[in-house]
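To start, the structure under review is shown below, and the notes come after it.
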Amino acid sequence: MARERKPSRVGIIGAGISGIAAAKQLSDHNPIVLEATDSIGGVWKHCSFSSTKLQTPRCDFEFSDYPWPERDNTSFPTHLEILEYLHGYATHFDVLKHVRFNSRVVEIRYVSTERTMNIDMKTDGTGEFGPLLSGHPAWEVAVETHSSKTVEWYEFELLVVCIGKYGDVPRMPVFPPSKGREIYSGKVMHTMEYSKLDKEAARQLLKGKRVAVVGYKKSAIDLATECAETNQGADGQPCTMVIRTLHWTVPAYWIWGLPFSLFYSTRSSQFLHQRPNQGLLRNLLCPLLSPLRKAVSKFIESYLLWKLPLDKYGLKPEHPFEEDYASCQMAILPENFFSEADKGKIMFKRTPKWWFWNKGLEFEDGTQLEADVVLLATGFDGKKKIRDLLPPPFSNLIADSSGIMPLYRGTIHPLIPNMAFVGYVESVANLHTAELRCTWLARLVDVMFKLPSIGKMLEQTGEETEIMKKTTRFYKRHCISTFSINHSDEICEEMGWKSWRKSNWVLEAFAPYNSRDYGEDKQKI
899 MARERKPSRV
909 GIIGAGISGI
919 AAAKQLSDHN
929 PIVLEATDSI
939 GGVWKHCSFS
949 STKLQTPRCD
959 FEFSDYPWPE
969 RDNTSFPTHL
979 EILEYLHGYA
989 THFDVLKHVR
999 FNSRVVEIRY
1009 VSTERTMNID
1019 MKTDGTGEFG
1029 PLLSGHPAWE
1039 VAVETHSSKT
1049 VEWYEFELLV
1059 VCIGKYGDVP
1069 RMPVFPPSKG
1079 REIYSGKVMH
1089 TMEYSKLDKE
1099 AARQLLKGKR
1109 VAVVGYKKSA
1119 IDLATECAET
1129 NQGADGQPCT
1139 MVIRTLHWTV
1149 PAYWIWGLPF
1159 SLFYSTRSSQ
1169 FLHQRPNQGL
1179 LRNLLCPLLS
1189 PLRKAVSKFI
1199 ESYLLWKLPL
1209 DKYGLKPEHP
1219 FEEDYASCQM
1229 AILPENFFSE
1239 ADKGKIMFKR
1249 TPKWWFWNKG
1259 LEFEDGTQLE
1269 ADVVLLATGF
1279 DGKKKIRDLL
1289 PPPFSNLIAD
1299 SSGIMPLYRG
1309 TIHPLIPNMA
1319 FVGYVESVAN
1329 LHTAELRCTW
1339 LARLVDVMFK
1349 LPSIGKMLEQ
1359 TGEETEIMKK
1369 TTRFYKRHCI
1379 STFSINHSDE
1389 ICEEMGWKSW
1399 RKSNWVLEAF
1409 APYNSRDYGE
1419 DKQKI
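Residue numbers (this note's numbering): 899 to 1423.
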C-alpha cells in the first residue's frame, strides 16, 4: 500500500526516563514520542523482583524542577515508587500529550539529499554540523501500532533515540557444539523474560525448584534473593549463583559512618581522578595524587570486608573498588542477601566457563550442578539494539574501535546527521545525566550555541574513551562517574551557564553535586 507520511519536526523514540525528559525539554517543538508499550517508564515498567530498589538515594534520582514528594526519606525507593514519580513528572509538565503509545518503530530510513545532509564532511576534520532543524525531513520512521497491522510512516527533521541500553535485546551466552540449552531438559529464562512475569507466575517458577542464577550484578543478586525468599521452609531448595567475574557490593550508602557521596560526588573528591582535557598541570598532579586516590578505594574496601562476609564466601573481587565505581557497576545489596546465604538458601559457584548438560550446568573444573531452572542475568546488548534500528551506513558507526559509542556530550554522534541519543552514557545518577543532556540538546536545537567541528568532537569523544580505559578494565560501559562534574561543567559552559553551581566555595569544594544544582533558576552567569 502507498505510504502515508506524517511530517513533524522532532521525533523521539522511547518514553522511558530519557524519552520523557527529552519531550519536556523539546516541548516547544511539539515532538512526537513513539512508545512501543502502553505506558511510560522504560525498564522500570516490568519488574517482578520484590527486592528491586533504586541504587541511589532519592536526592540523586530526581529531576531538577520536580522534587520527590518525600525527598528527605532516606530509604531507597522501590520500582513502584519510581514509576509513580515518573508519572507525576510527566503529568505535571503535560508530557503525555506528546506520546503515541503502542507504537513500535519497525524501520528507519535516512532521506539522503543535499538539503537534509547537515554534516559537511571534510577529510581534514574541519567538517561541521549544520542546524539540527534544517526545515526539511531527514528521517522516515515506520511505525506499527497494536490496534492495526498497517504501518504508518512519519517524517522528522530531528530524531532523538531514547530506547536505552537495557531491555529488549538480551545478551545470550555462546556455547560449544552440543553443549547449549537445546540439550538441557529444564527451563531456561533470561531476566528480561522473568521481569515481565506477574508475581504469581514468578513465584510458581521458583517455588520448590533447584534454581541456578548466572551472573553477579544487580539483577542476579536481586533474583537470587527473591529465589531464596520464595523457597523458605524444609521443602525449599537453595539457589546457586554461577559467577564468572566478581564485583564489589555495598550494603548501604554509608562507609564507616560517612555518606558515600563524599568519596566520589564532590569537586574535591573528583579532583583526584583523571578527566578529559585536563591540561599540563593536572597531567603532572594526577600521578602524585594517585596514592591518595588508591587510599580512598582501600578505605571503602576495608569497610566492605568488615561489614560483609566476602572472604567467607570467596566473593572478594581481585580488582580495586574504584574500578567498579568508575564503570557504574556498584550494586546495593538487599538487606537479607547474606542472611539467606548463611541459612544455605543462596550458594555460590565461581567458574570462568560453564555449559549445559541434560540435567543442569557443567563447569570447567568438571563438576556439575543439577538445576530445574536456569536464569540468565547476563545483561543486554545495547549496541545491537541500536544497530538493528538504524539503516546502513549509520548502523556501522554505532561503536568505534574501542567498542564505545562516540557521543559528543553524551548526545551527538559526530558522524550521524540530524539524530541525537539520550540515555547511553552512564553515571551514578542516570536520571540527572539524561536530564542535563536533554537541556543541552534543546538549546542546541534552538541554535543558542554551535557545535565544534566534527574533528574536534571526535577528538573529545576519543579523549573520554582514553580516560575511561585508564580508570577501569570495564570501560566499555561508557560510565563517566569519576569525572561527571567536569562533564557537566563543559556542558554548562557550552550553554552559556555558569559551571560552578554552589553558593560559596566551601560548598563548591566539599558538598556533593546532584540534579538540583542544575535547575534553571541557577542558569544565569
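We put the beta carbon where it would ideally sit given N, CA and C, even for glycine.
Treat the numbers as computed from the prediction; the structure is a model and nothing was measured.
- For S1325, the nearest candidate out of V1194, S1159 and P1149 (CA to CA): Start at 1 with the first residue of the sequence shown, and residue 1325 comes out as number 427. Proximity to S1325 across V1194, S1159 and P1149 peaks at S1159, based on C-alpha coordinates.
Measuring CB to CB, does F1254 end up less than 8 Å from K1085?
Translated into the one-based positions of the sequence shown, residue 1254 becomes position 356. Translated into the one-based positions of the sequence shown, residue 1085 becomes position 187. In this structure, K1085 does not lie closer than 8 Å to F1254 by Cβ.
Cutting at 7 Å between CB atoms, please list the residues of its own chain near K922, excluding the five before and the five after it. By 1-based counting over the sequence shown, the position of residue 922 is 24. For K922, where only same-chain residues beyond five positions count, the Cβ hits under 7 Å are F991 and V993.
Considering just the uninterrupted stretch of the beta strand (DSSP E) at A1318, what are its terminal residues? Position 420 of the sequence shown, counting from 1, holds the residue named residue 1318. Unbroken beta strand (DSSP E) run through A1318: M1317 to F1319.
Close-in-space but distant-in-sequence residues of the same chain around T1021 (CB under 6 Å, 5 per side omitted): Here residue 1021 corresponds to residue number 123 of the sequence shown, with the count starting at 1. Per-residue confidence for T1021 stands at a pLDDT of 42, beneath the threshold of 50, marking its modelled position as unreliable; the derived number appears in the next sentence. Excluding sequence neighbours, T1021 sits near nothing in its chain.
With a threshold of 16 other CB atoms inside 10 Å of the CB of V908, please say whether the residue is buried or exposed. Sequence index remark: in the sequence shown, residue 908 carries index 10 (1-based). Under this definition V908 is a buried residue.
Practice item. Determine the closest residue to F1261 out of A1122, D1270 and P1250, with distance taken between C-alpha atoms. Key: As a working mapping, residue 1261 is identified with position 363 in the sequence shown. Comparing Cα-Cα distances from F1261 to each of A1122, D1270 and P1250, the minimum goes to P1250.
Spatial neighbours of F1347 within its chain, please: CB distance less than 6 Å, with the 5 preceding and 5 following residues excluded, ordered by chain position.
-> Here residue 1347 refers to the residue found at position 449 of the sequence shown. The beta carbon of F1347 sits closer than 6 Å to those of E1392, all from its chain and outside the five residues before and after it, given in chain order.
Practice problem: Flag this pair as yes or no: are the beta carbons of F1219 and R1069 separated by less than 8 Å? | Solution: The count along the sequence shown starts at 1 and reaches residue 1219 at position 321. The count along the sequence shown starts at 1 and reaches residue 1069 at position 171. Against a cut-off of 8 Å, the Cβ pair of R1069 and F1219 comes out as no contact.
**Prompt:** For P1410, which residues from the same chain have a beta carbon less than 6 Å from its beta carbon, with the 5 sequence-adjacent residues on both sides left out?
**Reply:** Within the sequence shown, residue 1410 is the residue found at index 512, counting from 1. If we look at P1410 and ignore the five residues flanking it on each side, its Cβ neighbours are S1159, S1163 and T1164.
By the three-class DSSP mapping on this structure, what secondary structure does T1014 have? Here the question's residue 1014 lines up with position 116 in the sequence shown. Caution applies to T1014, whose pLDDT of 46 falls short of 50 and renders its modelled position unreliable; the model cannot decide the point.
Review point. Exposed or buried, F1235, counting other C-beta atoms within 10 Å across all chains shown (16 or more means buried)?
Key: Against the sequence shown, residue 1235 aligns to sequence position 337. By the 10 Å Cβ count, F1235 comes out buried.
Give me the DSSP bridge partner(s) of K951.
Taking the sequence shown and counting its residues from 1, one reaches residue 951 at position 53. According to DSSP, residue pairing for K951 in a beta bridge involves T976.
* Expressed to the nearest angstrom, what Euclidean distance is found between the alpha-carbon atoms of E1233 and I1383? -> Locating residue 1233 in the sequence shown gives position 335, counting from the first residue. Locating residue 1383 in the sequence shown gives position 485, counting from the first residue. Distance from the CA atom of E1233 to the CA atom of I1383, rounded to whole angstroms, is 31 Å.
ask   = In chain order, what residues of the same chain lie with their CB nearer than 7 Å to the CB of D936, ignoring the 5 residues before and after it?
value = Mapped onto the sequence shown, residue 936 falls at position 38. Here the set comprises F999 and N1000.
Checking 8 Å against the spacing of the C-beta atoms, do A1368 and D1066 come in under that value?
Position 470 of the sequence shown, counting from 1, holds the residue named residue 1368. Position 168 of the sequence shown, counting from 1, holds the residue named residue 1066. According to the sequence displayed, residue 1368 carries Lys and not Ala. With contacts defined as CB atoms closer than 8 Å, K1368 and D1066 fail to qualify as a contacting pair.
> Whose CA, out of T989, E1005 and E1038, lies closest to the CA of S906?
Replying inline: For the purposes of this step, residue 906 is identified with residue 8 of the sequence shown, where counting begins at 1. Looking at the Cα atoms, E1038 is the closest of the given residues.
Pairwise C-alpha distance: T1147 and E1216
Working through the sequence shown from its first residue, we reach residue 1216 at position 318. Working through the sequence shown from its first residue, we reach residue 1147 at position 249. Straight-line Cα distance between these residues: approximately 13 Å.
- Message: Could you tell me the alpha carbon to alpha carbon distance between I918 and L924, rounded to whole angstroms?
- Response: Here residue 918 is taken as the residue at index 20 of the sequence shown, counted from 1. Here residue 924 is taken as the residue at index 26 of the sequence shown, counted from 1. I918 and L924: Cα-Cα distance of roughly 10 Å.
> What residue does the alpha helix (DSSP H) around E1262 start on, and which one ends it?
Replying inline: Within the sequence shown, numbered from 1, the residue matching residue 1262 stands at position 364. Element bounds for E1262: n/a, residue is neither H nor E.
Can you list, in chain order, the residues of its chain with a C-beta nearer than 6 Å to that of V1059? Leave out the 5 residues immediately preceding and following it. On the sequence shown, residue 1059 is found 161 positions in, with the first residue counted as 1. Apart from sequence neighbours up to five positions away, the residues of its chain that approach V1059 with a beta-carbon distance below 6 Å are I911 and F1319, ordered along the chain.
| query | Can you tell me the Cα-Cα spacing of E1055 and E933, whole angstroms? | reply | Locating residue 1055 in the sequence shown gives position 157, where the first residue counts as 1. Locating residue 933 in the sequence shown gives position 35, where the first residue counts as 1. E1055 and E933: Cα-Cα distance of roughly 19 Å.
Open item on the list: Considering only their Cβ atoms, is the gap separating E1406 from N1175 smaller than 8 Å?
Closed with: Along the sequence shown, read from residue 1 onward, the residue named residue 1175 stands at position 277. Along the sequence shown, read from residue 1 onward, the residue named residue 1406 stands at position 508. For N1175 and E1406, no; Cβs fall outside 8 Å.
Determine the burial state of L1203: buried for a count of at least 16 other Cβ atoms within 10 Å of its Cβ, exposed for fewer. Your numbering for residue 1203 matches position 305 in the sequence shown. Label assigned to L1203: exposed.
In the DSSP output, what is I1006 paired with across the bridge? Along the sequence shown, read from residue 1 onward, the residue named residue 1006 stands at position 108. V1039, per the DSSP bridge assignment.
_What does the alpha-carbon distance come out to for the pair I1061 and Y1052?_
Working through the sequence shown from its first residue, we reach residue 1061 at position 163. Working through the sequence shown from its first residue, we reach residue 1052 at position 154. Each residue's alpha carbon lies about 18 Å from the other.
Checklist line | Candidates W966, L1274, S1200 and N1256, of which the one nearest E982 by Cα | finding: By 1-based counting over the sequence shown, the position of residue 982 is 84. Distance from the Cα of E982 is smallest, within the candidate group W966, L1274, S1200 and N1256, for W966.
| query | Among H1376, P1035 and G939, which one has its Cα closest to the Cα of T1309? | reply | Looking up residue 1309 in the sequence shown gives position 411. Comparing alpha-carbon positions, the option among H1376, P1035 and G939 lying closest to T1309 turns out to be H1376.
Q) When the Cα of V1009 is compared with those of A1036, F1027, R1002 and G1028, which residue comes out closest? A) In the sequence shown, residue 1009 corresponds to position 111, counting from 1. Of the candidates A1036, F1027, R1002 and G1028, the one whose C-alpha sits nearest the C-alpha of V1009 is A1036.
Review point. Roughly how many whole angstroms lie between the Cα atoms of A1224 and T1370?
Key: The sequence position of residue 1224 within the sequence shown is 326, counting from 1. The sequence position of residue 1370 within the sequence shown is 472, counting from 1. Cα atoms of A1224 and T1370: separation of roughly 6 Å, rounded to the nearest angstrom.
_Quick check: L1267 and A1110, are their CB atoms within less than 8 Å of each other?_
The count along the sequence shown starts at 1 and reaches residue 1267 at position 369. The count along the sequence shown starts at 1 and reaches residue 1110 at position 212. With respect to A1110, L1267 sits close: the two C-beta atoms are nearer than 8 Å.
| field | Backbone secondary structure at K1282 - three-state DSSP | value | Here residue 1282 refers to the residue found at position 384 of the sequence shown. Helix at K1282.
Worksheet item: Under a Cβ-count criterion, where at least 16 other Cβ atoms within 10 Å of its own Cβ denotes burial, should K995 be classed as buried or exposed?
Response: Translated into the one-based positions of the sequence shown, residue 995 becomes position 97. K995 is exposed by the Cβ-count criterion.
**Asked** Which residue comes first and which comes last in the beta strand (DSSP E) that contains L932?
**Response** Along the sequence shown, read from residue 1 onward, the residue named residue 932 stands at position 34. Counted as a single uninterrupted DSSP element, the beta strand (DSSP E) harbouring L932 occupies residues I930 to L932.
- Task: Please specify which runs of the beta strand (DSSP E), each continuous and at least 3 residues long, are wholly inside the region 1108-1189, giving them in chain order.
- Result: Runs of the beta strand (DSSP E) spanning 3 or more residues and lying entirely within the region 1108-1189 occur at 1109-1112 and 1137-1141, in chain order.
**Request:** Rank A1122, I1198, L1287 and P1289 by C-alpha distance to the C-alpha of T950 and give the top, closest one.
**Result:** Residue mapping note: residue 950 aligns to position 52 of the sequence shown, counting from 1. When only C-alpha atoms are compared, the closest one is A1122.
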